[in-house]
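Q: Here it is: the structure, laid out below.
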Amino acid sequence: MSELNPYELREQFPILQQEINGKPLVYLDNAATSQKPLSVLDSSRNYYQQINSNIHRGVHRLSQAATAAHEAARGTIAQHLNARQPEEIIFTSGTTDSINLVASALGRSTLLKAGDEIIISGLEHHSNTVPWQMLCERLGTKLQIIPVLDDGTLDLDQYDQLLSERTKLVSVNHVSNAFGTVNDLHHICTQAKKFGALTLIDGAQSIPHFKVDLQEIDCDFYAFSGHKIYGPTGIGILYGRHALLCELPPWRGGGEMIKEVSFQKTTYNDPPFKFEAGTPNIEGGIALAAALDFVNDIGIEKIATHESLLITHLAQLLSDFPDLTLYGPPSRTGALSFNIKGIHHYDLGTLLDQMGFALRTGHHCCQPLMARFGISGTLRASFAAYNTIEEVEALGQALKKALMMLR
Amino acid sequence: MTITEKQEQLLEELDLFQDWTERYEYVISLGKKLPAMDESLHSEDRLIKGCQSQVWLDASAHDGKMRFLADSDSVITKGMIALFVRVLDGEKPDDVISADLSFIEKTGLKEHLAPTRANALTLMAAQMKKGALEASQL
């Protein structure tokens, strides 16, 4: 297997060719959103230029072409995830929307009642925290939290203790957006199943970085966003086990999600349409499939190897800085978070921006996790296939310059 | 010197620096020279929580003149605070209330007084005016 050539790849990302403050842009905020290759941009444009039309209800040629492309995209996504069937793939607007869909549908179902428990972890993004808090407030269910250990991994012994007959759902991320921690889904899902609890995995930070096989993970729901894997914003996916999707009530009412409507009684469509009320983001779904094609043409294993090289190199380079704390375990995926004693992450981020580096500073939408470590935030570098070793080296130099200015 | 004159003088000073590095270093040094704010003044009611950095502001009036004490956990934010303090400290409450603070956009520094962002600096500018308003109503 030949290695990934990031320089060749960069030619497909026009946005990366620009300068910031007269310096070449070094984009290391990929965990927030990735840049889009020409093939994805072309896919969006071609959709509007050639087949734009509303789907699933037209007798005319364009509507049929748009419907075919939209459903083919669903097929591509199902195949990429190794879902059992395309009907298990629901188009949403993103991970947040996907999680809210499950929270809302579960809240209306008979599967949850007051006194039941939902388990999340201390590593979660606010989008996998707040929807459950809102649901618990409404239903009187209880939220339990898997604690985070000092190395940024989950305390799975505590998790085993938290599980009980009352546990109805376990919702955790696959990879932490803040620290790059990869969670042991095998353990988490297997244990949850023993108690008959459903499992939801937030895959926003895993899908862009390594192969995800849903039949192997054997979870009930899996959510991710298109824009973090070279696709457009405003499109995301919720995978749901088919039998479960059949059982759950819909969450939004409107067109597309019905079988028959009368003022006396309305019957609902089958999944996935039951959960897709209204005109969907047709172009987004098609462009997301193009993004997955882009990834598969390179080979996700090659991307994983390349990114792991970059992140390890940065970790090594940073270990030479005095008073620098790296968060998360040594085996990180996608992102690396750190702080330097006595220096505010915001100051570092501001000066790095002046030098053309796009990094993220702050709490990364994980305030409870930051509180667990007694910090207000971190500086986070996060990677994509187009990043290079030279960029990592340059970041090291830029950090030195910023520190000289701040000390 | 009027508030406007103080702003012009400040912008002239910053204009001396061609290089962004020197400009930032200068602003950071201004922050370091700000009169120290006693730790006891770092109270919840003086705290302005931004999205990224925190600011503590104490506004009071003495003999009809505003007195501002401020601090931040970020040295760049603190430097930016120093710019505001230099322009508004010692001024009459009414002059602070009506001051046009858009000079900050001309400093060539990254910060903006964006109305939509939870920016500690934006919030602080508003808080300084609020302090002056309260003082003027005493």
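Chains as they are written, first to last, in the working numbering: chain A, 5 to 411; chain B, 172 to 309. Glycine included, every Cβ here is placed at the ideal spot set by N, Cα and C. Source: prediction; values computed, not measured.
Run through DSSP, which three-state label would residue 412(A) get?
A: In this structure chain A extends from 5 to 411, so residue 412(A) is not present and cannot be described.
Q: Do you know offhand how far residue 187(A)'s Cα is from residue 159(A)'s?
A: In the first sequence, residue 187(A) corresponds to position 183, counting from 1. In the first sequence, residue 159(A) corresponds to position 155, counting from 1. Rounded to whole angstroms, residue 187(A) to residue 159(A) spans 10 Å at the Cα level.
Q: From the DSSP output, read off the bridge partner residues of residue 177(A).
A: As a first step, residue 177(A) is located in the first sequence; it is residue number 173 there, counting from the start. Partner(s): 206(A).
Q: If contacts are defined as beta-carbon pairs under 8 Å, then residue 282(A) and residue 260(A) qualify, I think. What distance do you get, rounded to the angstrom?
A: Looking up residue 282(A) in the first sequence gives position 278. Looking up residue 260(A) in the first sequence gives position 256. With a Cβ gap of about 6 Å, residue 282(A) and residue 260(A) count as contacting.
Q: Within its chain, find whatever has a CB closer than 8 Å to the CB of residue 91(A); leave out the 5 residues flanking it on each side and keep chain order.
A: As a working mapping, residue 91(A) is identified with position 87 in the first sequence. Closer than 8 Å at Cβ, skipping near neighbours: 246, 249, 274, 275 and 276.
Q: On a CA-only basis, which of 128(A), 118(A), 131(A) and 13(A) is nearest residue 140(A)? Give me that one, please.
A: In the first sequence, residue 140(A) corresponds to position 136, counting from 1. Minimum Cα distance to residue 140(A) is reached at 118(A).
Q: Taking only beta-carbon atoms, is residue 195(B) less than 8 Å away from chain A?
A: Along the second sequence, read from residue 1 onward, the residue named residue 195(B) stands at position 24. So yes, residue 195(B) belongs to the interface.
Q: Measuring straight from C-alpha to C-alpha, what distance separates residue 9(A) and residue 393(A)?
A: One-based indexing of the first sequence puts residue 9(A) at position 5. One-based indexing of the first sequence puts residue 393(A) at position 389. Approximately 11 Å between the Cα atoms of the pair.
Q: Using only alpha-carbon positions, find the residue among 272(B), 279(B) and 245(B) that is nearest to residue 352(A).
A: For the purposes of this step, residue 352(A) is taken as residue 348 along the first sequence, with counting starting at 1. The shortest C-alpha separation from residue 352(A) is found at 245(B).
Q: Just the Cα atoms here: how many angstroms apart are residue 291(A) and residue 30(A)?
A: Position 287 of the first sequence, counted from the first residue, corresponds to residue 291(A). Position 26 of the first sequence, counted from the first residue, corresponds to residue 30(A). So the two alpha carbons sit approximately 25 Å from each other.
Q: Which whole-angstrom value describes the C-beta separation of residue 172(A) and residue 121(A), a residue pair presumed to lie in contact below a C-beta threshold of 8 Å?
A: The count along the first sequence starts at 1 and reaches residue 172(A) at position 168. The count along the first sequence starts at 1 and reaches residue 121(A) at position 117. At roughly 7 Å, the Cβ-Cβ gap stays under 8 Å, so residue 172(A) and residue 121(A) are in contact.
Q: Looking at the structure shown, is residue 283(A) part of a helix, part of a strand, or coil, going by DSSP?
A: Translated into positions along the first sequence, residue 283(A) becomes position 279. If DSSP states are grouped into helix, strand and coil, residue 283(A) belongs with coil.
Q: Which residues, taken in chain order from the region 212-226 of chain B, show a beta carbon closer than 9 Å to some beta carbon of chain A?
A: Answer set for the region 212-226 of chain B: 221, 222, 223, 224 and 225.
Q: Closer than 8 Å, CB to CB, is residue 245(B) near chain A or not?
A: The residue labelled residue 245(B) in the question sits at position 74 within the second sequence. Closer than 8 Å to some Cβ of chain A, the Cβ of residue 245(B) qualifies, so yes.
Q: Would you list the one or two residues that DSSP bridges to residue 3(A)?
A: Given a span of 5 to 411 for chain A in the structure shown, any question on residue 3(A) remains unanswerable.
Q: Could you tell me the distance, in whole angstroms, from the CA atom of residue 287(B) to the CA atom of residue 249(B)?
A: Indexing the second sequence from 1 puts residue 287(B) at position 116. Indexing the second sequence from 1 puts residue 249(B) at position 78. Because residue 287(B) sits at a pLDDT of 46, beneath the cut-off of 50, its placement in the model cannot be relied upon, and the point is left open.
Q: Quick one: grab the DSSP three-state call for residue 287(B).
A: On the second sequence, position 116 is the one that residue 287(B) refers to. Note that residue 287(B) scores a pLDDT of 46, beneath 50, so its modelled location is shaky and nothing firm can be said.
Q: Rounded to the nearest angstrom, what separates residue 7(A) and residue 262(A) at their Cα positions?
A: The residue labelled residue 7(A) in the question sits at position 3 within the first sequence. The residue labelled residue 262(A) in the question sits at position 258 within the first sequence. When rounded, the distance between both Cα atoms is 49 Å.
Q: Among 28(A), 44(A), 154(A) and 27(A), which has the Cα closest to the Cα of residue 233(A)?
A: Here the question's residue 233(A) lines up with position 229 in the first sequence. Of the listed residues, the one whose Cα sits closest to residue 233(A) is 44(A).
Q: Short check: CB of residue 388(A) to CB of residue 399(A), under 8 Å?
A: As a first step, residue 388(A) is located in the first sequence; it is residue number 384 there, counting from the start. As a first step, residue 399(A) is located in the first sequence; it is residue number 395 there, counting from the start. Result no, Cβ atoms of residue 388(A) and residue 399(A) do not sit closer than 8 Å.
Q: Residue 129(A) and residue 177(A) look like a contact to me (Cβ under 8 Å); what is the Cβ gap, rounded to whole Å?
A: By 1-based counting over the first sequence, the position of residue 129(A) is 125. By 1-based counting over the first sequence, the position of residue 177(A) is 173. The pair is a contact, with the Cβ atoms about 7 Å apart (cut-off 8 Å).
Q: Can you tell me whether residue 56(A) is helix, strand or coil according to DSSP?
A: Taking the first sequence and counting its residues from 1, the one referred to as residue 56(A) is at position 52. Coil.
Q: Are the C-beta atoms of residue 25(A) and some chain B residue less than 8 Å apart?
A: For the purposes of this step, residue 25(A) is taken as residue 21 along the first sequence, with counting starting at 1. Yes, residue 25(A) lies at the interface with chain B (some Cβ there is under 8 Å from its Cβ).
Q: Return the bridge partner residues of residue 366(A) from the DSSP annotation.
A: Position 362 of the first sequence, counting from 1, holds the residue named residue 366(A). Looking at the DSSP assignment, residue 366(A) forms a beta bridge with 382(A).
Q: Closer than 7 Å by beta-carbon distance: list the chain B residues that pair up with residue 355(A), in chain order.
A: For this step, residue 355(A) is matched to residue 351 along the first sequence. What residue 355(A) touches in chain B: 195.
Q: At a CB-CB cut-off below 8 Å, which residues of chain A make contact with residue 199(B)?
A: Taking the first residue of the second sequence as 1, we reach residue 199(B) at position 28. Those are 409 and 410, listed as they occur along chain A.
Q: Rounding to the nearest angstrom, what Cα-Cα distance links residue 213(B) and residue 382(A) in this structure?
A: Counted from its first residue, the second sequence places residue 213(B) at position 42. Counted from its first residue, the first sequence places residue 382(A) at position 378. Taking the straight line from one Cα to the other gives about 22 Å.
Q: Excluding five sequence neighbours on each side, which residues of the same chain lie with their C-beta closer than 7 Å to the C-beta of residue 157(A)?
A: Taking the first sequence and counting its residues from 1, the one referred to as residue 157(A) is at position 153. For residue 157(A), where only same-chain residues beyond five positions count, the Cβ hits under 7 Å are 185 and 333.
Q: With a 10 Å radius around its C-beta and 16 neighbouring C-beta atoms as the bar for buried, classify residue 410(A) as buried or exposed.
A: Here residue 410(A) corresponds to residue number 406 of the first sequence, with the count starting at 1. So residue 410(A) ends up on the buried side.
Q: Between which two residues does the alpha helix (DSSP H) harbouring residue 224(B) extend?
A: In the second sequence, residue 224(B) corresponds to position 53, counting from 1. Run containing residue 224(B): none; DSSP gives neither H nor E here.
Q: Tell me which same chain residues have a C-beta within less than 7 Å of the C-beta of residue 402(A), skipping the five on either side of it?
A: Along the first sequence, one-based indexing puts residue 402(A) at 398. 356, 359 and 361, listed in sequence order.
Q: Based on the DSSP output, what are the partners of residue 225(A) in its beta bridges?
A: Taking the first sequence and counting its residues from 1, the one referred to as residue 225(A) is at position 221. Its beta-bridge partners are 204(A) and 244(A).
Q: Could you check the C-alpha separation between residue 309(B) and residue 293(B) for me, to the nearest Å?
A: The residue labelled residue 309(B) in the question sits at position 138 within the second sequence. The residue labelled residue 293(B) in the question sits at position 122 within the second sequence. Their Cα atoms are separated by approximately 25 Å.
Q: If we cut at 8 Å on Cβ distances, does residue 293(B) have a partner in chain A?
A: To locate residue 293(B), count along the second sequence from 1; it is residue 122. It does not: the Cβ of residue 293(B) has no partner Cβ on chain A nearer than 8 Å.
Q: Mapping DSSP to helix, strand and coil, what is residue 350(A)?
A: Position 346 of the first sequence, counting from 1, holds the residue named residue 350(A). Three-state result, residue 350(A): helix.
Q: What residues in its chain sit with their C-beta under 7 Å from that of residue 101(A), if we drop five residues either side in the sequence?
A: Residue 101(A) sits at position 97 when you count from the first residue of the first sequence. So the qualifying residues of the chain are 240.
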